[in-house]
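Numbering (the numbering used here), first residue to last: 11 to 186.
The beta carbon of each residue, even a glycine, is placed where N, CA and C say it ideally should be.
Worksheet for the structure shown next.
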C-alpha cells in the first residue's frame, strides 16, 4: 500500500470483533524506538477491536531478519490465531538492507502458507529515520495499526472459510 498520502491508522471500514481471537506479536529489538511505537499501535488496534490482553502474547527477537523464525515459534508452540510481525529496516550504505528486506518478506510469506496461519507484515522498509518515524505514529499514522487490522481481518476470513467448508467441523468461535 502506498503511504505517500495515506494515514496508516485510518481504516476504510470498521474491524470485526477480535474478542475471541488470539494473537502473537513478534517485535524486532533493532530500531527499538520505531518498533516499540509499532507495537503500541498494534496493541491499541487489537484492544479497540475487543481483543482482551490475555489473548495478546508479545515476544522480542534481536532484529527484523529474525522475525520469520519468531513467527514460526508462535505458530509451532502456541495456540494463537495469527501473528503480527513488527520490524524496521532503514537503508544504509551497503546492500545489507536488500538482503534483510528480501529475507524477512520471503520468510513470512512462506510461513503463512506452510502453517496456514495469517502472519501480518508490519515491517517498515524505509530510506531514513524520518520516514520510519512518520510511519510509526507520526504524520502517516502507524503501520502497527495496519498490521493488526490485517491480522484481525484475515482471522475472520479464515474462520468464515473454515465454517463454510463441507469437510470440516465448524470453528469454536462465533463467525459474526
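Just mark residue i as buried or exposed, buried being the case when its beta carbon has 16 or more other beta carbons within 10 Å.
{"i": "residue 156", "result": "buried"}
{"i": "residue 176", "result": "exposed"}
{"i": "residue 171", "result": "exposed"}
{"i": "residue 49", "result": "buried"}
{"i": "residue 82", "result": "buried"}
{"i": "residue 141", "result": "buried"}
{"i": "residue 76", "result": "buried"}
May I have the straight-line CA-CA distance separating residue i from residue j, to the nearest angstrom?
{"i": "residue 124", "j": "residue 32", "result": "19 Å"}
{"i": "residue 56", "j": "residue 71", "result": "21 Å"}
{"i": "residue 78", "j": "residue 36", "result": "9 Å"}
{"i": "residue 161", "j": "residue 143", "result": "22 Å"}
{"i": "residue 64", "j": "residue 30", "result": "11 Å"}
{"i": "residue 21", "j": "residue 43", "result": "24 Å"}
{"i": "residue 153", "j": "residue 114", "result": "16 Å"}
{"i": "residue 4", "j": "residue 163", "result": "Residue 4 falls outside the range modelled here, since the chain spans only 11 to 186, and no answer is possible."}
{"i": "residue 23", "j": "residue 167", "result": "15 Å"}
{"i": "residue 85", "j": "residue 149", "result": "33 Å"}
{"i": "residue 112", "j": "residue 135", "result": "10 Å"}
{"i": "residue 38", "j": "residue 80", "result": "9 Å"}
{"i": "residue 169", "j": "residue 69", "result": "25 Å"}
{"i": "residue 101", "j": "residue 126", "result": "32 Å"}
Below 9 Å between beta carbons: does that hold for residue i and residue j?
{"i": "residue 133", "j": "residue 99", "result": "yes"}
{"i": "residue 7", "j": "residue 25", "result": "The first residue shown for the chain is 11 and the last is 186, placing residue 7 beyond what the model contains."}
{"i": "residue 45", "j": "residue 96", "result": "yes"}
{"i": "residue 146", "j": "residue 94", "result": "no"}
{"i": "residue 128", "j": "residue 103", "result": "no"}
{"i": "residue 88", "j": "residue 34", "result": "yes"}
{"i": "residue 118", "j": "residue 131", "result": "yes"}
Closest to residue i by CA distance: which of the options is it?
{"i": "residue 74", "options": "84, 103, 91, 109", "result": "109"}
{"i": "residue 137", "options": "105, 28, 95", "result": "105"}
{"i": "residue 67", "options": "167, 158, 168", "result": "158"}
{"i": "residue 61", "options": "27, 80, 149", "result": "27"}
{"i": "residue 40", "options": "169, 148, 85, 139", "result": "139"}
From the DSSP output, which residues share a beta bridge with residue i?
{"i": "residue 146", "result": "152"}
{"i": "residue 135", "result": "99"}
{"i": "residue 207", "result": "The requested residue 207 does not occur in the structure, where the chain is confined to residues 11 to 186."}
{"i": "residue 38", "result": "71"}
{"i": "residue 130", "result": "94"}
{"i": "residue 66", "result": "33"}
Return yes when at least one heavy atom of the ligand FAD lies under 8 Å from the C-beta of residue i, else no.
{"i": "residue 22", "result": "What this structure holds is no ligand at all, so the ligand FAD is not there to describe."}
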